[in-house]
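Here's the structure we're looking at; comments come further down.
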Amino acid sequence: GQSLEQPSEVTAVEGAIVQINCTYQTSGFYGLSWYQQHDGGAPTFLSYNGLDGLEETGRFSSFLSRSDSYGYLLLQELQMKDSASYFCAVNRDDKIIFGKGTRLHILP
Amino acid sequence: DSGVTQTPKHLITATGQRVTLRCSPRSGDLSVYWYQQSLDQGLQFLIQYYNGEERAKGNILERFSAQQFPDLHSELNLSSLELGDSALYFCASSVGSGANSGANVLTFGAGSRLTVL
Numbered sequence: 665g666q667s668l669e670q671p672s673e674v675t676a677v678e679g680a681i682v683q684i685n686c687t688y689q690t691s692g693f694y695g696l697s698w699y700q701q702h703d704g705g706a707p708t709f710l711s712y713n714g715l716d717g718l719e720e721t722g723r724f725s726s727f728l729s730r731s732d733s734y735g736y737l738l739l740q741e742l743q744m745k746d747s748a749s750y751f752c753a754v755n756r757d758d759k760i761i762f763g764k765g766t767r768l769h770i771l772p
Numbered sequence: 006d007s008g009v010t011q012t013p014k015h016l017i018t019a020t021g022q023r024v025t026l027r028c029s030p031r032s033g034d035l036s037v038y039w040y041q042q043s044l045d046q047g048l049q050f051l052i053q054y055y056n057g058e059e060r061a062k063g064n065i066l067e068r069f070s071a072q073q074f075p076d077l078h079s080e081l082n083l084s085s086l087e088l089g090d091s092a093l094y095f096c097a098s099s100v101g102s103g104a105n106s107g108a109n110v111l112t113f114g115a116g117s118r119l120t121v122l
């Protein structure tokens, strides 16, 4: 089967940098995606890594290493509005499977 | 507004009943995905359709069924409802399917919150 592991919670300080890791036990997937979900809201797409390496989109970056079965989302210059849950997801055989999510708490 | 429309937004019903959730994908998107999200749980993949055809199935109960119509809207039917079916049901759409990179960018609707009493 396939599973993705993420820390359940991470706490960081406003203005700092935080990294949310995602490890997976699956193969043959097309890529790793990241989504943000605020309380009471719908998930929104943040980033996609089809190839190994780093993808940068503004304050957010995402990284994938297939050889290490590992990826991460990096959030820089944290703002209070970044307080949310973050999900990694893989696309395998048309199934887009999500991890259980990481709740990011930001302290002022 | 994400462009993905889900109705109804809220639904309260009783055990044993049947409900239908509706989803209209974003204009131009051919794939529709259904997910279930329970309190403090992740997004559980239920089923995916591409251009009217079922492409992938997740842990969808036999009491649940879905279809995608020629106009690409989709419906998720939940029957013989149980208390444990209370959850937020999300529909998402994407341009492509499979290895197509566009398949990996999902646009979610606002969700349908189902409460079973």
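Line by line, the protein sequences are chains A and B.
If you're matching positions, the first sequence starts at 665 in the numbering used here and goes up one per residue.
If you're matching positions, the second sequence starts at 6 in the numbering used here and goes up one per residue.
C-beta: ideal position from N, C-alpha, C; glycine also.
Because the structure is a prediction, the values reported are computed rather than measured.
One finds Asp758, Lys759, Ile760 in chain A with Cβ atoms closer than 8 Å to the Cβ of B/Gln53, taken in chain order.
Per DSSP, reduced to three states, the secondary structure at A/Asn755 is strand.
A Cβ of chain A is located within less than 8 Å of the beta carbon of B/Val110. Per DSSP, the unbroken beta strand (DSSP E) holding A/His769 starts and ends at 766–771. Along the segment 76–95 of chain B, the positions whose C-beta sits under 8 Å from a C-beta of chain A are Phe95, read in chain order. Exclusion of the five residues before and after B/Ile65 leaves Leu51, Ile52 as the residues of its chain whose Cβ lies within less than 7 Å of its Cβ. Counting every other CB atom within 10 Å of its CB across the protein chains shown gives A/Thr721 a total below 16, marking it as exposed. Taking CB atoms only, B/Gly57 has no neighbour in chain A less than 8 Å away.
For the pair B/Leu111 and B/Ser99, the CB atoms are nearer than the 8 Å cut-off. Sequence-ordered contacts of the segment 726–750 of chain A with chain B are nonexistent [C-beta pairs closer than 8 Å].
The count of Cβ pairs closer than 8 Å, one atom from the segment 33–40 of chain B and one from the segment 80–100 of chain B, reaches three, so the stretches are in contact. Among the residues facing chain B, A/Ser697 is included, as its CB has a counterpart in that chain under 8 Å away. Rounded to whole angstroms, the separation of the alpha carbons of A/Arg730 and A/Tyr694 is 11 Å. With the rule of 3 Cβ pairs closer than 8 Å, the segment 747–762 of chain A counts as touching the segment 698–718 of chain A. Ranked by Cα distance from A/Asp716, the options A/Thr708, A/Gly735, A/Leu768, A/Ile770 are led by A/Gly735. Out of A/Phe762, A/Gly679, A/Gln689, A/Ser726, the CA that lies nearest to the CA of A/Ser733 is found in A/Gln689.
Close partners of B/Ser29 in chain A (Cβ separation under 9 Å) are lacking, with about 15 Å as the shortest Cβ gap. For the C-beta of A/Ala706, the chain B residues within less than 8 Å are, from N- to C-terminus, Ser7, Phe95, Phe113, Gly114, Ala115, Gly116. Residue state for B/Lys62 is assigned as strand, using DSSP reduced to three classes.
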